[in-house]
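Same order as they appear, the protein sequences are chains A and B. If you use our numbering, the first sequence corresponds to residues 1 to 100, in order. If you use our numbering, the second sequence corresponds to residues 101 to 230, in order. All C-beta atoms, glycine included, are put in the ideal place defined by N, C-alpha and C. Bear in mind the structure is a predicted one, so any value in this text is a computation, not a measurement. Working notes for the structure below.
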Amino acid sequence: MADDLFKALADPTRRTILDELTEKSGQTLFEICARLSMKHQLGISRQAVSQHLAVLEAAGLVETRREGRYKFHDLNTAPLRQIAERWLVPDTSGSKENTA
Amino acid sequence: MKIHLTSVFVDDQAKAEHFYTEILGFVKKYDVPVGEKDRWLTVVSPDEPDGTELLLEPAGHPAVKPYRDALVNDGIPLAQFAVDDVKAEHQRLRGLGVRFTQEPLEMGPVTTAVFDDTCGNLIQIATKPQ
Numbered sequence: 001m002a003d004d005l006f007k008a009l010a011d012p013t014r015r016t017i018l019d020e021l022t023e024k025s026g027q028t029l030f031e032i033c034a035r036l037s038m039k040h041q042l043g044i045s046r047q048a049v050s051q052h053l054a055v056l057e058a059a060g061l062v063e064t065r066r067e068g069r070y071k072f073h074d075l076n077t078a079p080l081r082q083i084a085e086r087w088l089v090p091d092t093s094g095s096k097e098n099t100a
Numbered sequence: 101m102k103i104h105l106t107s108v109f110v111d112d113q114a115k116a117e118h119f120y121t122e123i124l125g126f127v128k129k130y131d132v133p134v135g136e137k138d139r140w141l142t143v144v145s146p147d148e149p150d151g152t153e154l155l156l157e158p159a160g161h162p163a164v165k166p167y168r169d170a171l172v173n174d175g176i177p178l179a180q181f182a183v184d185d186v187k188a189e190h191q192r193l194r195g196l197g198v199r200f201t202q203e204p205l206e207m208g209p210v211t212t213a214v215f216d217d218t219c220g221n222l223i224q225i226a227t228k229p230q
């Protein structure tokens, strides 16, 4: 699981996809492709975007949701906690809210 | 050569006539019976009555369903219409119960949005580049 997570984050295009899903969760493949090509000038095929999404989904960072005939991609940042919990020492000097 | 007609497949021509005229605001141009139950049904923009016609074509051919299902699954629109203001049109159509799969999205000079035409297709609206 951790390997999947680090692999997913290692690619700049996949990080850009996460940036765009942070701006708005719940996007179709078409919208993700449009954002990558129009906003980021990434010349990348739909098939390649699909493969990036599959890697993100394997890492648990993207979840797909079907609504009728449409499929949406949602962001799930929960797996990122593994990274924080693995190395970051809880800040005992701060308030309790910060250690949550 | 000119593009004077383009088409979208529709599940139900009566339903499509309603959506494309009453909801989207196009006007009917030709409505001619073809065969037992099909019609040659075209609409045009009220702004351009002699402009490009959109044929609302029966989706009876067995190849249509898998083709459209695959495109709709990925959110890919089958046609694009130009509007002056995508956000205003989005508001208007939302008020009429139209389902959007992509909310208005500004990308440089172009703003787009994608909605379901209730007849089996996703349609994109876009501002004309200035």
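Query - Cβ-based contacts, 8 Å cut-off: residues of the segment 153-185 of chain B near chain A - result: Per Cβ criterion, the list reads D169, V172, N173, D174, G175, I176 and P177.
Using three-state DSSP, classify M207 of chain B as helix, strand or coil. On the second sequence, residue 207 of chain B is found 107 positions in, with the first residue counted as 1. Residue state, collapsed to three classes: strand.
Worksheet entry | Every unbroken beta strand (DSSP E) inside the segment 152-207 of chain B [3 residues or more] | The qualifying runs are 153-158, 179-183 and 200-207.
Exercise for review: Give a yes or no on whether the minimum CB-CB distance between G208 of chain B and chain A is below 8 Å.
Suggested key: As a working note, residue 208 of chain B is residue 108 in the second sequence. Answer yes: the Cβ-Cβ gap between G208 of chain B and chain A drops below 8 Å somewhere.
Discussion item. For a cutoff of 8 Å on Cβ pairs, would you count T211 of chain B as touching chain E?
Written reply: Any reference to chain E falls outside this structure, whose protein chains are A and B.
Practice item. Report all residues from its chain with a CB closer than 7 Å to the CB of K115 of chain B; omit the five preceding and five following residues, and keep chain order. Key: Within the second sequence, the letter at position 15 stands for residue 115 of chain B. Apart from sequence neighbours up to five positions away, the residues of its chain that approach K115 of chain B with a beta-carbon distance below 7 Å are T218 and C219, ordered along the chain.
query = Apart from the five residues on each side of it in sequence, which residues of its chain come closer than 6 Å, Cβ to Cβ, to G175 of chain B?
reply = Residue numbering aside, residue 175 of chain B sits at position 75 when the second sequence is read from its first letter. Take G175 of chain B, set aside five residues on each side of it, and the residues of its chain with a beta-carbon closer than 6 Å to its own are T201, in chain order.
**Message:** Helix, strand or coil, according to DSSP, for K102 of chain B in the structure here?
**Reply:** Walking along the second sequence from the start, residue 102 of chain B turns up at place 2. K102 of chain B carries a coil assignment under DSSP once its states are collapsed to helix, strand and coil.
TODO: Over the uninterrupted alpha helix (DSSP H) stretch that includes H42 of chain A, give me the two end residues.
DONE: One-based indexing of the first sequence puts residue 42 of chain A at position 42. Note that residue 42 of chain A corresponds to Leu in the displayed sequence, not to His. For L42 of chain A, no alpha helix (DSSP H) encloses it, and the DSSP letter there is neither H nor E.
- Task: Starting from the C-beta of R139 of chain B, find all residues in its chain whose C-beta is less than 7 Å away, skip the five residues before and the five after it, and write them out in chain order.
- Result: Along the second sequence, one-based indexing puts residue 139 of chain B at 39. Within the same chain, R139 of chain B has close Cβ partners Q113, D131, V132 and P133.
- Residue span of the alpha helix (DSSP H) that contains E117 of chain B, given as start and end: Translated into positions along the second sequence, residue 117 of chain B becomes position 17. That run of the alpha helix (DSSP H) goes Q113 to H118.
Q) Got a sec, what are the start and stop residues for the alpha helix (DSSP H) F126 of chain B sits in? A) For the purposes of this step, residue 126 of chain B is identified with residue 26 of the second sequence, where counting begins at 1. Looking at the DSSP string, F126 of chain B is not in any alpha helix (DSSP H), and its letter there is neither H nor E.
Check your understanding: Residues of chain B with a CB under 7 Å from the CB of T22 of chain A: which are they?
Key -> Sequence index remark: in the first sequence, residue 22 of chain A carries index 22 (1-based). Within chain B, no residue comes near T22 of chain A; the closest Cβ sits about 15 Å away, beyond 7 Å.
* Tell me, please, whether the CB atom of N221 of chain B is closer than 8 Å to any CB atom in chain A? => For this step, residue 221 of chain B is matched to residue 121 along the second sequence. With 8 Å as the cut-off, N221 of chain B does not count as an interface residue toward chain A.
**Message:** With H, G and I counted as helix, E and B as strand and the rest as coil, what does DSSP make of P90 of chain A?
**Reply:** For this step, residue 90 of chain A is matched to residue 90 along the first sequence. If DSSP states are grouped into helix, strand and coil, P90 of chain A belongs with coil.
- Is the beta carbon of N173 of chain B sitting closer than 8 Å to the one on K71 of chain A? Numbered from 1 along the second sequence, position 73 holds the residue referred to as residue 173 of chain B. Numbered from 1 along the first sequence, position 71 holds the residue referred to as residue 71 of chain A. Remark: C-beta atoms of N173 of chain B and K71 of chain A approach each other more closely than 8 Å.
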